[in-house]
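With the working numbering, letter number 3 in the sequence shown gets 434, and the count goes up by one each step, no holes.
What follows is a short report on a single structure.
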Amino acid sequence: MVSSFNIDYTPEEIKQFTQKSDYIIACTGQVHLVDDSRIRHDQSQIIIDVGYGHIDGKPVGDVNIESIADKVFAYTPVPG
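What follows is the structure, given as structure tokens:
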């Protein structure tokens, strides 16, 4: 299944898409958009984090790595 979404979707719609997806490619530039509330917790998903922003002057991604690291099969670091 391939899905795409943009700013016009509600947070609940985005959550539904990301929880159904086997692969998530995050490239929004919205810091920590994808966190553990938006993924499955079965260690089956692969997450590719392309977008990034800054928190306290440090680069961080669209994915909150700390909250998803042990819940997905694989993920890319930011910066990567």
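The C-beta atom is built at its ideal place from N, Cα and C for all residues, glycine as well.
The structure presented is a predicted model; accordingly, all values stated were derived computationally and were not measured.
- Query: Where does residue 492 land, buried or exposed, given buried means 16+ other C-beta within 10 angstroms?
  - Reply: Residue environment for residue 492: buried (at least 16 other C-beta atoms within 10 angstroms of its C-beta).
Practice task
Please go through the same chain and pick out, in chain order, the residues whose beta-carbon is closer than 6 angstroms to the beta-carbon of residue 478, but skip the five residues on each side of it.
Solution key: Non-local beta-carbon contacts of residue 478 in its own chain, meaning distances under 6 angstroms to residues more than five positions away in sequence, involve 455, 494, 503 and 506 in chain order.
request  = Verify the contact flag: residue 482, CB atom, against every heavy atom of the ligand MG, threshold strictly below 7 angstroms.
outcome  = The ligand MG is not part of this structure, which contains no ligands at all.
Expressed to the nearest angstrom, what Euclidean distance is found between the alpha-carbon atoms of residue 468 and residue 448?
Cα to Cα, residue 468 sits roughly 12 angstroms from residue 448.
When you compare only the Cα positions, how much space is there between residue 476 and residue 496?
Pairing residue 476 with residue 496, the inter-Cα distance amounts to about 13 angstroms.
Open item on the list: Can you find the residues in the same chain that come closer than 8 angstroms, C-beta to C-beta, to residue 460, ignoring five residues on each side of it along the sequence?
Closed with: Closer than 8 angstroms at the Cβ level, and outside the excluded window around residue 460, lie 482, 483, 484 and 493.
Please look up how many angstroms separate the CB atoms of residue 499 and residue 466, rounded, as I've assumed it's under 8 angstroms. Right, their Cβ atoms sit about 7 angstroms apart.
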